[in-house]
Amino acid sequence: AQTVTQSQPEMSVQEAETVTLSCTYDTSESDYYLFWYKQPPSRQMILVIRQEAYKQQNATENRFSVNFQKAAKSFSLKISDSQLGDAAMYFCAYRSFRDDKIIFGKGTRLHILP
Amino acid sequence: SQTIHQWPATLVQPVGSPLSLECTVEGTSNPNLYWYRQAAGRGLQLLFYSVGIGQISSEVPQNLSASRPQDRQFILSSKKLLLSDSGFYLCAWSEGGMVWGGAEQYFGPGTRLTVT
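Protein sequence lines, in the order shown, are assigned to chains E and R. Residue numbering for the first sequence follows our numbering, starting at 1 and increasing by one per position. Residue numbering for the second sequence follows our numbering, starting at 1001 and increasing by one per position.
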């Protein structure tokens, strides 16, 4: 069974600094998607970034980028120039091409220090 | 563009009372629909999902049920609420059909349920 592990329950970063959130996953599939979702205090889940496993290039969305290491089954999220609005719970997630379900990690709570 | 609605936003119900939470999606057809529950400060637990009208898959055995009476409507119900049913309930949708056409899920604003 596929699993997603986020080993950092909480992290803090100074405003304007860079922070990296870690995620590892376990799967025997070769075709899949990986995601990072953000859940701010409003609790609305927001898709931050998506990575297709067949793509070697790391996905980037403005200040958010990922480091996708397929062989190591690692998918970290880097947030550059952290802003107060980045404070949230971040969930790493996995979806196989063959499945309708997404598997979520337990989340990392990110605090931004002014 | 697609939008997803959930109501009510908040609900306080006594133990033993019935429950009905509704989720509707606009701007797409034949979506996959999902119900999640999230306890305070915790991760997401998938409760039910549906790939079509009348097709419901249950992930967790409990006193909740789900129905999909229309293509873009997903309802979460209970006949008798338990204290343990308290939580934040999220509905989500994704593109139906081919997975590579719509892998990600898009979430509604959620319903905060407190069972007293």
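Note that CB positions come from ideal geometry on N, CA and C, so glycine has one too. Here the structure is a predicted model, which is why all the values come from computation and not from measurement.
* **From E:GLN14, E:LEU77, E:THR24, residue whose alpha carbon lies closest to that of E:ALA71** => E:THR24
* Count the other C-beta atoms from every protein chain shown that fall within 10 angstroms of the C-beta of E:ASP31, then say buried if there are 16 or more, exposed otherwise. => Counting Cβ neighbours within 10 Å, E:ASP31 comes out exposed, since fewer than 16 surround it.
* Between the C-alpha atoms of E:PHE64 and E:ILE49, what's the straight-line distance to the nearest angstrom? -> 8 Å
* Asked: CB E:SER82 to CB E:ILE112, shorter than 8 Å?
  -> yes
* **Cβ neighbour criterion (16 or more within 10 Å) applied to E:VAL4** => buried
* Name, please, each residue of chain E whose Cβ falls closer than 7 Å to the Cβ of R:VAL1051. => ASP100
* Report the partner residues of E:VAL122 according to the DSSP bridge assignment. => This structure leaves residue 122 of chain E out entirely; chain E is present only between 1 and 114.
* Asked: Quick one, which residues of the stretch 57-81 of chain E are near chain R if we go by CB-CB under 8 Å, in chain order?
  -> none
* Quick one: list the residues of chain E neighbouring R:VAL1046, beta-carbon separation under 9 Å, in chain order. => For clarity, residue 1046 of chain R is Leu in the given sequence; the question names Val instead. Correct list: LYS101, ILE102, ILE103, PHE104.
* **Unbroken beta strand (DSSP E) run spanning R:CYS1023, endpoints** => 1019-1026
* Which of helix, strand or coil DSSP assigns to E:ASP31 -> coil
* Asked: In chain E, which residues lie less than 7 Å from R:LEU1090 when you measure between Cβ atoms?
  -> Within chain E, the residues near R:LEU1090 are MET45.
* Under 8 Å, do E:GLN44 and R:PHE1088 count as touching if we go by C-beta distance? -> In this structure, E:GLN44 keeps its C-beta atom at 8 Å or more from the C-beta atom of R:PHE1088.
* To do: Check each residue of the stretch 1022-1037 of chain R: if its Cβ is closer than 9 Å to any Cβ of chain E, include it; give the result in chain order.
  => ASN1032, TYR1034, TYR1036
* Among the residues of its own chain, which have a CB less than 7 Å from the CB of E:LYS38, if the five just before and after it don't count? -> ILE46, VAL48, ALA88, TYR90
* **CB contact check: E:GLY85 to chain R, cutoff 8 Å** => no
* To do: Report all residues from its chain with a CB closer than 8 Å to the CB of E:PRO114; omit the five preceding and five following residues, and keep chain order.
  => GLU15, LEU84
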